[in-house]
Amino acid sequence: MRLDFTLNNHPCRAEAPAHWTVLDLLRDGLALTATKYGCGEGVCGTCTVLLDGEPVRACLVLASRLRGRTLLTAEGLEDNGQPDRLQSAFARAGAAQCGFCTPGMLLSARALLAANPSPTEHDVREALAGNLCRCTGYTKIIEAVLAAAGAR
Amino acid sequence: MAYRVIGRSPPRADAWEKVRGRPIYAGDLAMAGMLHGKIVRSPYPSARIVKIDTSEARALPGVVAVLTHAEVPQNALRMELPGRMAEATAGAVLATQPVLAEDRVRFQGEPVAAIAAETPEIAAEAAERVRVEYEPLPGVYDPAEALKPGAPHVHEGGNLLRAWHIRKGDATEALARADVIVEKTYRTPFVDHVYLETETGIGWIDAEGTLVLRVSTQVLEHFRDVAEVLRLPHGKVRLEGAYLGGGFGGKEDVTVECLLGLLVWKTRRPVQLVFSREESFIGHGKRHPYLLRYKSGATRTGELVAMEVELVSDSGAYAALSPWVLLYSLVTATGPYRVPHVKVDAFTVYTNNPVASAYRTFGSIQTCIGYEGQMDALAAALSMDPLELREKNFLRKGDRIATGQVLESEPMLGETMRRAWQALGPPREGDGPVRVARGLAASFTPYGRMCWTRDSASAWVGMELDGSAVVRCAAPDVGGGQTSSLCSITAEVLGLPVEHVAAVGRDSHFTPRAGTTTATRQLFMSGNAVLKAAHEVRRHLVDQAAEMLEAAREDIELTEGRALVRGAPDRAIDFSALVKAATAAGRPVQALDKYDAPSAPTIDPITGQGKPFNDYTFGTQAVEVEVDEETGQTRVTKLAACYDVGQAINRQSAEGQIEGGAVQGLGHALLEEVVLEDGVSKNPHLLDYKIPTTLDAPEIITILLESGQGLGPFGAKGIGEPAMTPTPAAVMNAVTRAARAPLTRFPLTAERVLAALKSQSASKNPSPPSGERAG
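Chains as they are written, first to last, in our numbering: chain A, 36 to 187; chain H, 698 to 1472.
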């Protein structure tokens, strides 16, 4: 099937088998590998992407759903080729250890800051509760999101 | 001593790439003509294989290979680390695991066939079409049952895999004299690593006919295991270490390597093999469940006089690293305390449960539950403050641990305990049905391998013509910042900004062998190797600068990429010119060096006496919990951790290890258990196996002490594993206080806590343990 949609701020035309998920399309069809496979059943949040600005699990959404819509992945986060404020805050705070959950975590955080520019620590915890991290204990991730919000 | 780079928190070398989602993990690489692997696994924990029929699978279009045991050149996985491992396992029943099962399967998830196909979908369909006829056999699913006469044997030779012992003084006689004795039993379950990246690899054959595997692994030396299985010369298998999406010991054993190597070698095409989350749950080594029986005796004034400990661990169906995990438990069994009389008997036992092997702390987390549970129970029995009791008995410099080893530096245990406890702040009252309580656990975890393995690591450091430096060292980076720390060490020694040091490659063939990223050894071992190599490069740079600046060697200072004469800053030369001149003069600007850990003979097989490890990391964690007395629901609201890390190399990385280890430990404490029914996993999915989320993680206060007494570079100690050791014990002690009834079985689920609360309210004598006073 043919799919026309907006990917990381650019028009995208892709071909995909009907059974592919957004995760399949990104990784196998478009070679965009920042979005990771973690569990394949929508629990770990590792494959979080933003569909029309809303965080979704790429492993649960069929690629056909992308038609005419806007998709943002970690590859599209940069601002004019530079890390955006969330990415910078994550790097400075030491919020990425193994880095595997980082893309999904950044996208959930971006959706939070778009909806709530001045979140409390509890808001951050709630917004990221669906993104598992096994390395950091979350402390520095939460610090990074709060720092990015403050830097606005 | 003031350092320029060491002890600060520059963003790690990999940080900027990771926040852009750019690192190429093992599963991110695709190659033209690449096939997809799929493993057929046993649904039975114990069965005879009557017949394997692959014809229907082979007939499926797009299937390139369906391999069974008959196609494996040498069908045995061996765990052979360099060093005197054999001596340490004398008498053990070390059953090797087949790469693909032959006539029987011994655990659910055991690989039976390996498939390579043009697409993942075809590979999955082919797996369904492999017909395996099984005849279920009686199995054994509990170590105590497995040791009884007449129990089904998992392997020829019996179910006792290995025993270790300590005999120091006369514990039985000393206990008879003790004023107070506390006897308790603790139980821990199988626990999964749940790294977010499942076991993954890609392989191909290069132009020289070498089998190349790019794998998410903590151990590049597994190239040898693949070579042995394929009967290839060791030099014909190359392992390239990708950045890992988490390891925690679970990628220390062979995971995909041999299966992947087999598929590539037989098909002569690139193959990618990614375990699904369910396969990850059932297919790789877990943390060992332990049964811990403790009997501790003390005098009326609170001096420990003796401990008797029995440890039984469930090794599951194969040996993997169980004998060595058990050794760590043996050595740490009595905790960071002076105990004059010790008797420890430790056993690891085969069952038809999942294979258990390495997991962060390597057998130290279970014993901490035992020895720290005992300290709180003793304090209650003595009506003594548990902090005071610990303080009285903590190991000090010059004391002997249970194996008789003398501690050569000050463990600073009292300070770690007091600071962690104070960091929790003023005590807080509960509200309504919510009880608030605090607890702590001190701990003791080795860093670096057993002394008798003669551990070593090599590294190469060299200058480039632009004045920057390069580090080559085959130390896998599991995400703890291993690579970045090597850059920091080099930058400190050479007087370079840290951004001007690049670390390249983690490759079994192209970078000097550094050994495994396990046992909290990389900073200690590779850090020292890099330190030595960097110092040699520094010597050459200083010689060259002294010559060019016409100054004495002692007056040359290297800083910010320049050499200058101390006190005469206008007499300076930048590294680029310096390196070019050195090269023109034929002076070396690189060095390959090797660090050898101090070695010692094996410990005594009967008494356990000797020097098992070179050094230990000591620390304390304290927690505050809220327990809802109506539901048993438990929440950790605050956690404070204080460790002597010797010297932080990257402060943020050291804190990150502690924060991450503690939250992983909280998962063990409250949530995590592989639920088994006769060897069959009931929760091999993240929906049913819960790990902590942002809402479960508490506020964490991390305090780093820096004694400078570690054996690593700049006096550093290892922190990766010690970060996790005391967490479950601290939570258990806090919940026990809140419930006013002992909690000894992990995880401390709401059901178990509620049962404890009910047993307490049913009892006629609800006086709280005196330990409450410490809160």
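Even glycine gets a Cβ: it sits at the ideal position worked out from N, Cα and C.
DSSP three-state assignment for residue i, whether helix, strand or coil
{"i": "G64(A)", "result": "helix"}
{"i": "N1311(H)", "result": "strand"}
{"i": "D839(H)", "result": "coil"}
{"i": "V716(H)", "result": "helix"}
{"i": "G1468(H)", "result": "Any answer about G1468(H) is weak, because its pLDDT of 40 lies below 50 and its placement is not dependable; what the coordinates show is given next. Note: G1468(H) maps to helix in three-state DSSP."}
{"i": "Y892(H)", "result": "coil"}
{"i": "P90(A)", "result": "strand"}
{"i": "L834(H)", "result": "coil"}
{"i": "K71(A)", "result": "coil"}
{"i": "T1433(H)", "result": "helix"}
{"i": "Y1034(H)", "result": "strand"}
{"i": "L1336(H)", "result": "strand"}
{"i": "D800(H)", "result": "coil"}
{"i": "V702(H)", "result": "coil"}
{"i": "W55(A)", "result": "coil"}
{"i": "S1205(H)", "result": "coil"}
{"i": "S1140(H)", "result": "strand"}
{"i": "P1173(H)", "result": "coil"}
{"i": "L143(A)", "result": "First, the amino acid is wrong: residue 143(A) is Ser here, not Leu. Helix."}
{"i": "K1379(H)", "result": "coil"}
{"i": "V180(A)", "result": "helix"}
{"i": "Q1241(H)", "result": "helix"}
{"i": "D965(H)", "result": "The sequence given here places Arg at residue 965(H); Asp does not occur at that position. R965(H): coil per DSSP, three-state reduction."}
Same chain only: Cβ atoms within 7 Å of residue i, ignoring 5 sequence neighbours per side
{"i": "G1111(H)", "result": "E1088, F1091"}
{"i": "R755(H)", "result": "V763"}
{"i": "A49(A)", "result": "L38, L60, G64, L65"}
{"i": "P1502(H)", "result": "In this structure chain H extends from 698 to 1472, so residue 1502(H) is not present and cannot be described."}
{"i": "P740(H)", "result": "Q805"}
{"i": "P930(H)", "result": "A924"}
{"i": "G77(A)", "result": "R92, C94, L95"}
Rounded distance between the beta-carbons of residue j and residue i, thought under 8 Å
{"i": "F887(H)", "j": "R984(H)", "result": "6 Å"}
{"i": "A126(A)", "j": "L1392(H)", "result": "At roughly 25 Å, the Cβ-Cβ gap does not stay under 8 Å, so A126(A) and L1392(H) are not in contact."}
{"i": "W1157(H)", "j": "P1209(H)", "result": "5 Å"}
{"i": "T1424(H)", "j": "A1359(H)", "result": "5 Å"}
{"i": "L774(H)", "j": "D922(H)", "result": "6 Å"}
{"i": "A868(H)", "j": "H1038(H)", "result": "4 Å"}
{"i": "T1045(H)", "j": "R859(H)", "result": "5 Å"}
{"i": "C1184(H)", "j": "V1201(H)", "result": "Contact flag wrong, Cβ pair sits at about 11 Å."}
{"i": "D1138(H)", "j": "Q1318(H)", "result": "At residue 1138(H) the sequence reads Ala, which differs from the Asp that was named. Sure, about 6 Å apart at Cβ, within 8 Å."}
{"i": "L956(H)", "j": "L970(H)", "result": "6 Å"}
Cβ-based neighbour list, residue i, same chain, cut-off 8 Å, excluding 5 preceding and 5 following
{"i": "I749(H)", "result": "T765, V809, A810, V827, R828, V829, E830"}
{"i": "V1342(H)", "result": "T1314, A1351, L1401, L1402, E1403, G1407, A1413, K1414, I1416"}
{"i": "E113(A)", "result": "D119, Q122"}
{"i": "N1462(H)", "result": "Unreliable positioning characterises N1462(H) in this predicted model, as indicated by a pLDDT of 48, which lies under 50. The coordinate reading is nonetheless provided below. Counting only Cβ-Cβ distances below 8 Å, and skipping sequence neighbours, we find nothing."}
{"i": "C74(A)", "result": "T81, C94"}
Same chain only: Cβ atoms within 6 Å of residue i, ignoring 5 sequence neighbours per side
{"i": "T105(A)", "result": "T41, D87"}
{"i": "V1006(H)", "result": "Y991, A1030, V1041"}
{"i": "F1411(H)", "result": "I703, Q1344"}
{"i": "A183(A)", "result": "R120, L121, A124"}
{"i": "C168(A)", "result": "C136"}
{"i": "A1260(H)", "result": "A1242, I1253, I1270, L1275"}
Partner residues on chain B for residue i, Cβ-Cβ distance less than 7 Å
{"i": "C170(A)", "result": "Among the protein chains in the structure shown, which are A and H, there is no chain B."}
Cβ-based contacts, 9 Å cut-off: residues of the segment 704-725 of chain H near chain A:
Within the segment 704-725 of chain H, S706, P708, R709, D711, A712, W713, E714, K715, V716, R717, G718, R719, P720, I721, Y722, G724, D725 place their CB atoms closer than 9 Å to a CB of chain A, listed in sequence order.
Residues of the segment 1233-1261 of chain H with Cβ closer than 9 Å to any Cβ of chain A, in chain order:
Those residues of the segment 1233-1261 of chain H that come within reach of chain A (Cβ to Cβ, closer than 9 Å) do not exist; the list is empty.
Return the chain-ordered ranges of every beta strand (DSSP E) run that is complete within the segment 980-1028 of chain H and spans a minimum of 3 residues.
Here the runs fully enclosed are 987-995, 1001-1013.
Positions along the segment 1341-1374 of chain H whose CB lies within less than 7 Å of some CB in chain A:
Listed by position, the residues of the segment 1341-1374 of chain H near chain A (Cβ gap below 7 Å) are Q1349, S1350, G1353, E1356, G1357, A1359, V1360, Q1361.
Scan the segment 967-979 of chain H for residues whose Cβ lies nearer than 8 Å to a Cβ of chain A and list them as they occur along the chain.
Listed by position along the chain: V971, S973, R974.
Using Cβ-Cβ distances below 9 Å, what residues of the segment 1033-1060 of chain H are close to chain A?
Along the segment 1033-1060 of chain H, there is no position whose C-beta sits under 9 Å from a C-beta of chain A.
Positions along the segment 1411-1437 of chain H whose CB lies within less than 7 Å of some CB in chain A
Listed by position along the chain: nothing, the set is empty.
Anything in the segment 1076-1093 of chain H with a Cβ closer than 8 Å to a Cβ of chain A? List those residues in chain order, please.
Residues: none.
Please specify which runs of the alpha helix (DSSP H), each continuous and at least 4 residues long, are wholly inside the segment 1030-1115 of chain H, giving them in chain order.
Segments of the alpha helix (DSSP H) lying fully in the segment 1030-1115 of chain H: 1061-1079, 1083-1090.
Counting only Cβ-Cβ distances shorter than 7 Å, please list the residues of the segment 816-849 of chain H near chain A, keeping chain order.
Cβ contacts with chain A come from no residue of the segment 816-849 of chain H.
Where the segment 92-106 of chain A meets chain H: residues whose CB sits under 8 Å from a CB there
Cβ contacts with chain H: none found.
Listed in chain order, which residues of the segment 118-136 of chain A have Cβ atoms closer than 7 Å to some Cβ of chain H?
For the segment 118-136 of chain A, residues whose beta-carbon sits nearer than 7 Å to a beta-carbon of chain H comprise P118, Q122, F125, A126, R127, G129, A131, Q132, C133, G134, F135, C136.
Would you list, in sequence order, the uninterrupted beta strand (DSSP E) runs of no fewer than 3 residues that lie entirely inside the segment 1383-1432 of chain H?
If you keep only unbroken beta strand (DSSP E) runs of at least 3 residues inside the segment 1383-1432 of chain H, you get 1396-1402.
What are the residues of the segment 877-901 of chain H that lie near chain A, defined by any Cβ-Cβ distance shorter than 8 Å?
Answer set for the segment 877-901 of chain H: H890, V891, Y892, L893, E894, T895.
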